[in-house]
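S.K.:
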Amino acid sequence: MKLCLFSVSYAGFWGQHALNVNDFIAQASQLGYDSVMLMGKRPHLSPLDVASEQIESIQSALNQHQMKCSIIGGYTDFSGTGAAEVPFLEMQIQYVEQLAQLAQQLDASTVRIFTAYDSAIQMPHALWCRVVTALQECCDRAAAYDVTIAVQNHHDVAVHSDALLELLHDIDRPNCKLGFDAWSPALRDENLFEAARKMAPHTAITTNADYIKMPRFAYQPELINYQRQQPDMVRAVKFGTGFIDYSAFFHGLKEGGFKGIATYEMCSPIRGGGQLDNLNDFASEYLTWMKTHLM
7 MKLCLFSVSY
17 AGFWGQHALN
27 VNDFIAQASQ
37 LGYDSVMLMG
47 KRPHLSPLDV
57 ASEQIESIQS
67 ALNQHQMKCS
77 IIGGYTDFSG
87 TGAAEVPFLE
97 MQIQYVEQLA
107 QLAQQLDAST
117 VRIFTAYDSA
127 IQMPHALWCR
137 VVTALQECCD
147 RAAAYDVTIA
157 VQNHHDVAVH
167 SDALLELLHD
177 IDRPNCKLGF
187 DAWSPALRDE
197 NLFEAARKMA
207 PHTAITTNAD
217 YIKMPRFAYQ
227 PELINYQRQQ
237 PDMVRAVKFG
247 TGFIDYSAFF
257 HGLKEGGFKG
267 IATYEMCSPI
277 RGGGQLDNLN
287 DFASEYLTWM
297 KTHLM
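In this text, residue positions in the sequence shown follow the numbering used here: the first is 7, and each later residue adds one.
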């Protein structure tokens, strides 16, 4: 199982320390990772900004540090909830195609994208069909660059594992695989081992982070008491110290035949703050946990 680090972790979001792409590659290598996943938007690898000189510079950094760029992380929402006359769908499909071009140039095998958030202005079935059609075209365009599209179980449409398998069946493209993660089914109380084993044959990548749940309450002064609020707030913590049963998840993936890429991300505020040393400690702990438990 190849271990990968996602550049979003060092992009400066959520108060985190920011590194440019080349410095991030050097950092990932120093920590001991095999490969990197590069974020397909500013400040790292936006198609709007990338020129041939930057691609050459990134490739040189990868070669210098004996690293591989395995995945480009795309950010999509095919709901298209804006004004009807604006071609949101076409713009996103073009964006995914541009990411596939960048992936080919960097010898990355996979572009990770999302489905859609629920939309109050679209019927669920119509939105489902819109997502299927968009993903089919994304896959067809990515195929020209020999790139796999990995659909992550993140957005509302097809977020449940059974629904995601049905979506994959509807898309029906050989270069459409899954980016199947544990945090979403864990938050929604799916059985992690069974879900992972079922999804493993279709999964190209998995992106991992661990969290604790923080219950929320609202004070009711008329009752001199508190009312439970749902859902819980969550906070990212070091890998293996949260509520997600990653042992069950990875054993399910392995039993199902998964041999893809496991990526670590810090894609939210983390316990201890966003200083570089803390980010590095979190990223190192993932390697330690994975090598101790699975390799």
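Each residue gets a CB set at the ideal place from its N, CA and C atoms; glycine is no exception.
Decide if the region 149-157 is in contact with the region 104-111; the criterion is three or more beta carbon pairs, one per stretch, under 8 Å apart.
M.R.: Yes, the region 149-157 touches the region 104-111.
S.K.: Does K101 pass the burial test, meaning 16 or more other C-beta atoms within 10 Å, or should it be called exposed?
M.R.: Walking along the sequence shown from the start, residue 101 turns up at place 95. The sequence given here has Tyr at residue 101, not Lys. Buried is the call here.
S.K.: Residue ranges of each alpha helix (DSSP H) run of no fewer than 4 residues wholly in the region 20-51, ordered along the chain?
M.R.: Segments of the alpha helix (DSSP H) lying fully in the region 20-51: 27-37.
S.K.: Spatial neighbours of M137 within its chain, please: C-beta separation below 6 Å, excluding the five flanking residues on both sides.
M.R.: In the sequence shown, residue 137 corresponds to position 131, counting from 1. Note that residue 137 is Val in the sequence shown here, rather than Met. Once the five neighbours on either side are set aside, the close Cβ partners of V137 are F84, T121, A122, V163.
S.K.: Does the region 262-279 come close enough to the region 196-216 to have 3 or more Cβ pairs within less than 8 Å?
M.R.: Judged by Cβ distances under 8 Å, the region 262-279 makes contact with the region 196-216, as three or more pairs qualify.
S.K.: Output the boundary residues of the beta strand (DSSP E) element that contains M220.
M.R.: Position 214 of the sequence shown, counting from 1, holds the residue named residue 220. Per DSSP, M220 belongs to the beta strand (DSSP E) from 216-226.
S.K.: Any idea what DSSP makes of C182, helix, strand or coil?
M.R.: As a working mapping, residue 182 is identified with position 176 in the sequence shown. Note: C182 maps to strand in three-state DSSP.
S.K.: What's the C-alpha gap between C182 and K219?
M.R.: Here residue 182 corresponds to residue number 176 of the sequence shown, with the count starting at 1. Here residue 219 corresponds to residue number 213 of the sequence shown, with the count starting at 1. When rounded, the distance between both Cα atoms is 33 Å.
S.K.: For L68 and D29, I'd like the C-alpha separation in whole angstroms.
M.R.: Numbered from its first residue, the sequence shown carries residue 68 at position 62. Numbered from its first residue, the sequence shown carries residue 29 at position 23. Each residue's alpha carbon lies about 11 Å from the other.
S.K.: Have a look at L282 and A24 and give me their C-alpha separation to the nearest angstrom.
M.R.: Indexing the sequence shown from 1 puts residue 282 at position 276. Indexing the sequence shown from 1 puts residue 24 at position 18. In a straight line, the C-alpha of L282 is about 8 Å away from that of A24.
S.K.: Does the beta-carbon of G279 have 16 or more other beta-carbons within 10 angstroms, so that it is buried, or is it exposed?
M.R.: On the sequence shown, residue 279 is found 273 positions in, with the first residue counted as 1. G279 should be labelled exposed.
S.K.: Please determine if the region 177-196 and the region 234-254 are in contact, where contact requires at least 3 C-beta pairs separated by less than 8 Å.
M.R.: Judged by Cβ distances under 8 Å, the region 177-196 makes contact with the region 234-254, as three or more pairs qualify.
S.K.: What residue ranges within the region 238-301 form continuous beta strand (DSSP E) runs of no fewer than 3 residues, ordered along the chain?
M.R.: Complete beta strand (DSSP E) runs here, min 3: 267-270.
S.K.: Could you work out which residue in K297, A156, A201 is closest to G80 when comparing CA atoms only?
M.R.: Stepping through the sequence shown from its first residue, residue 80 is reached at position 74. Closest by alpha carbon: A156.
S.K.: Going by DSSP, what residue range makes up the alpha helix (DSSP H) through E203?
M.R.: For the purposes of this step, residue 203 is taken as the residue at position 197 of the sequence shown. The sequence given here places Arg at residue 203; Glu does not occur at that position. Here the alpha helix (DSSP H) through R203 covers 198-205.
S.K.: Looking only at DSSP bridge pairs, what is F120 linked to?
M.R.: On the sequence shown, position 114 is the one that residue 120 refers to. The partner list for F120 (beta bridge, DSSP) is empty, contrary to what the question assumes.
S.K.: To which residues of the same chain is I211 closer than 7 Å at the C-beta, ignoring the five residues directly before and after it?
M.R.: Residue numbering aside, residue 211 sits at position 205 when the sequence shown is read from its first letter. Taken in chain order, the residues that qualify are I77, T116, R118, A156, G185, G266, I267, T269.
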